[in-house]
Amino acid sequence: MSLPSHVRLVEVGPRDGLQNEALPIAVADKVRLVDALSDAGLGYIEVGSFVSPKWVPQMAGSAEVFAQIRRKPGVTYGALAPNLRGFEDALAAGVKEVAVFAAASEAFSQRNINCSISESLERFAPIMSAARQHGISVRGYVSCVLGCPYEGNVAPEQVAAVARELYAMGCHEVSLGDTIGTGTAGDTRRLFEVVGAQVPREKLAGHFHDTYGQAIANIYASLLEGIQVFDSSIAGLGGCPYAKGASGNVASEDVVYLLEGLGIHTGIDLSRLIDAGRQISQVLGRASGSRVAKVRDAS
Numbered sequence: 001m002s003l004p005s006h007v008r009l010v011e012v013g014p015r016d017g018l019q020n021e022a023l024p025i026a027v028a029d030k031v032r033l034v035d036a037l038s039d040a041g042l043g044y045i046e047v048g049s050f051v052s053p054k055w056v057p058q059m060a061g062s063a064e065v066f067a068q069i070r071r072k073p074g075v076t077y078g079a080l081a082p083n084l085r086g087f088e089d090a091l092a093a094g095v096k097e098v099a100v101f102a103a104a105s106e107a108f109s110q111r112n113i114n115c116s117i118s119e120s121l122e123r124f125a126p127i128m129s130a131a132r133q134h135g136i137s138v139r140g141y142v143s144c145v146l147g148c149p150y151e152g153n154v155a156p157e158q159v160a161a162v163a164r165e166l167y168a169m170g171c172h173e174v175s176l177g178d179t180i181g182t183g184t185a186g187d188t189r190r191l192f193e194v195v196g197a198q199v200p201r202e203k204l205a206g207h208f209h210d211t212y213g214q215a216i217a218n219i220y221a222s223l224l225e226g227i228q229v230f231d232s233s234i235a236g237l238g239g240c241p242y243a244k245g246a247s248g249n250v251a252s253e254d255v256v257y258l259l260e261g262l263g264i265h266t267g268i269d270l271s272r273l274i275d276a277g278r279q280i281s282q283v284l285g286r287a288s289g290s291r292v293a294k295v296r297d298a299s
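To convert, note that position 55 of the sequence shown is 55 in UniProt numbering; the numbers rise steadily by one, no gaps.
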């Protein structure tokens with residue numbers, strides 16, 4: 001299969017990237033990050049999460065962030081809203097697209113959200129109904145698609161079953177996440193072959209963690225399977241809580257560098273993206289996790 005001419009990136013740094021930080025991050029710094037990302041040309045930014053601050057303290061203040069960002073025309077500012085209360089809070093904050101998540105692993109689902117996969121999907125029914133009523137788009141995530149910290153290998157057929165359910169419920173797009181970052185290019189191609197037989201490939205996205213350094217290779221493998229949407233995180237923000245000391249999300253800067261090298265259009269200004277990553281890395285008091293940014297800053 002030939003490579004696509006255009007790829008859309010879903011920037012998850014402000015949510016998936018920051019949610020595991022140990023130290024509090026000011027609302028002003030989150031707002032500055034989101035605005036810098038939109039200025040760099042990102043067309044989709046996951047700004048925050050409407051969950052209990054008891055469980056995810058770094059996502060407290062998401063409504064304030066939405067109230068203060070400069071919303072650019074044509075940019076989608078999304079949020080995670082895994083239950084009806086979260087959806088209602090997101091709606092009140094002016095969010096136009098929300099995301100829900102399920103696991104492809106029964107063990108992970110039980111450990112992470114204390115219910116089975118089928119029970120988690122049932123919980124989304126009222127969210128989907130409310131979203132249709134208010135004209136809100138819903139994006140779906142499936143975690144552990146290429147491996148589980150508790151079960152090990154996960155069959156692509158199981159991933160396909162969950163993705164199919166999310167799509168049938170009304171998710172306009174389903175993102176497949178390699179949560180522990182153990183997948184390889186061969187695994188990735190097989191995954192999209194199987195899932196793509198159940199859900200149209202133009203409705204699928206890839207979400208790769210770089211724990212084993214395979215994220216860029218897996219994105220290239222996905223491109224060969226016709227996938228044109230990828231989640232990434234500025235400066236590689238976000239660790240992998242299931243692999244101590246390991247990196248997490250693939251860096252947006254590195255993905256853009258790959259795509260530019262392949263002649264694939266993204267509409268993203270790499271220099272501005274690197275600046276945004278440098279800025280938030282300084283706030284966090286550490287170096288950027290992007291290899292491209294590190295080289296550019298050293299030159």
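Every residue gets a Cβ at the ideal spot worked out from N, C-alpha and C, and that includes glycine.
This structure is a prediction, so every number in the text was calculated from the model and none was measured.
8 Å contact criterion, which D269 and G41 should meet: CB distance rounded: For the purposes of this step, residue 269 is taken as residue 269 along the sequence shown, with counting starting at 1. For the purposes of this step, residue 41 is taken as residue 41 along the sequence shown, with counting starting at 1. Going by Cβ atoms, the distance from D269 to G41 rounds to 5 Å, so yes, they are a contact pair.
In chain order, each alpha helix (DSSP H) run of at least 4 residues that lies wholly inside the region 271 to 298: 291 to 298
Host beta strand (DSSP E) of V12 (start-end): The residue given as residue 12 occupies position 12 in the sequence shown. Premise fails: V12 is in no beta strand (DSSP E) and is neither H nor E.
Environment of H209 [buried if 16+ CB atoms lie within 10 Å]: As a first step, residue 209 must be located in the sequence shown, where it is residue number 209. Classification for H209: buried.
Integer-rounded CB distance, given that E46 should sit under 8 Å from residue 300: As displayed, the chain neither begins before 1 nor continues past 299, which places residue 300 out of reach and without an answer.
T76, DSSP secondary structure in three states: For the purposes of this step, residue 76 is taken as residue 76 along the sequence shown, with counting starting at 1. In this structure, T76 counts as strand in the three-state DSSP scheme.
Residues near R70 by beta carbon distance below 6 Å, same chain, minus five either side: Looking up residue 70 in the sequence shown gives position 70. The answer, listed in chain order, is D35.
Unbroken alpha helix (DSSP H) run spanning D29, endpoints: Position 29 of the sequence shown holds residue 29. D29 -> alpha helix (DSSP H) spans V27 to D39.
Contacting residues, own chain, Cβ-Cβ under 7 Å from V145 (five flanking each side not counted): Along the sequence shown, read from residue 1 onward, the residue named residue 145 stands at position 145. Cβ within range, chain order: A104, V154, V159, L176, G177, D178 and L191.
Opposing strand residues paired with A99 [DSSP bridges]: Mapped onto the sequence shown, residue 99 falls at position 99. L80 and R139.
Chain-order list of residues whose beta-carbon lies under 6 Å from that of G48 (same chain, five-residue window excluded): Looking up residue 48 in the sequence shown gives position 48. If we look at G48 and ignore the five residues flanking it on each side, its Cβ neighbours are R15, M59, S62, V65 and A79.
The alpha helix (DSSP H) enclosing V256, as first and last residue numbers: Your numbering for residue 256 matches position 256 in the sequence shown. From DSSP, the alpha helix (DSSP H) with V256 extends over S252 to G261.
Q279 versus L33 - alpha carbon distance: The sequence position of residue 279 within the sequence shown is 279, counting from 1. The sequence position of residue 33 within the sequence shown is 33, counting from 1. Between Q279 and L33, the C-alpha separation is close to 8 Å.
Contact under 8 Å by Cβ, A90 with V98: As a position in the sequence shown, residue 90 is number 90, starting the count at 1. As a position in the sequence shown, residue 98 is number 98, starting the count at 1. Taking 8 Å as the Cβ cut-off, A90 and V98 qualify as a contacting pair.
Buried versus exposed, by CB contacts within 10 Å (16 or more), Q282: Counted from its first residue, the sequence shown places residue 282 at position 282. It counts as exposed.
Option nearest C171 by Cα separation, candidates R272, S252, G147 and A205: Looking up residue 171 in the sequence shown gives position 171. Checking every option, the nearest Cα to that of C171 belongs to A205.
Collapsed DSSP secondary structure at S247 in the structure displayed: Numbered from its first residue, the sequence shown carries residue 247 at position 247. Coil.
Same chain, Cβ closer than 7 Å to E165, five either side skipped, listed in chain order: Taking the sequence shown and counting its residues from 1, one reaches residue 165 at position 165. L121, listed in sequence order.
M169 versus A125: straight-line alpha-carbon distance, rounded: If you number the sequence shown from 1, residue 169 lands on position 169. If you number the sequence shown from 1, residue 125 lands on position 125. Between M169 and A125, the C-alpha separation is close to 8 Å.
D231: first and last residue of the uninterrupted beta strand (DSSP E) it sits in: Counted from its first residue, the sequence shown places residue 231 at position 231. Looking at the DSSP string, the run of the beta strand (DSSP E) that includes D231 is V229 to S232.
L237 classed as buried or exposed, judged by whether at least 16 other C-beta atoms fall within 10 angstroms: Against the sequence shown, residue 237 aligns to sequence position 237. By the neighbour-count rule (16 or more Cβ atoms within 10 Å), L237 is buried.
Distance CB(residue 303)-CB(V195) smaller than 8 Å: Examination of residue 303 is not possible in this model, given that the chain is present from 1 through 299 alone.
Alpha-carbon spacing of L3 relative to G226, whole angstroms: Reading the sequence shown from its first residue, position 3 is the one you call residue 3. Reading the sequence shown from its first residue, position 226 is the one you call residue 226. About 7 Å.
4-residue-minimum alpha helix (DSSP H) runs that sit fully inside the region 170 to 215, ordered along the chain: 185 to 195
Limits of the unbroken alpha helix (DSSP H) element including I45: The sequence position of residue 45 within the sequence shown is 45, counting from 1. That residue, I45, is in no alpha helix (DSSP H); its beta strand (DSSP E) goes Y44 to S49.
Residue from L37, A197, G147 and L259 with nearest C-alpha to A276: For the purposes of this step, residue 276 is taken as the residue at position 276 of the sequence shown. Closest option to A276, Cα to Cα, is L37.
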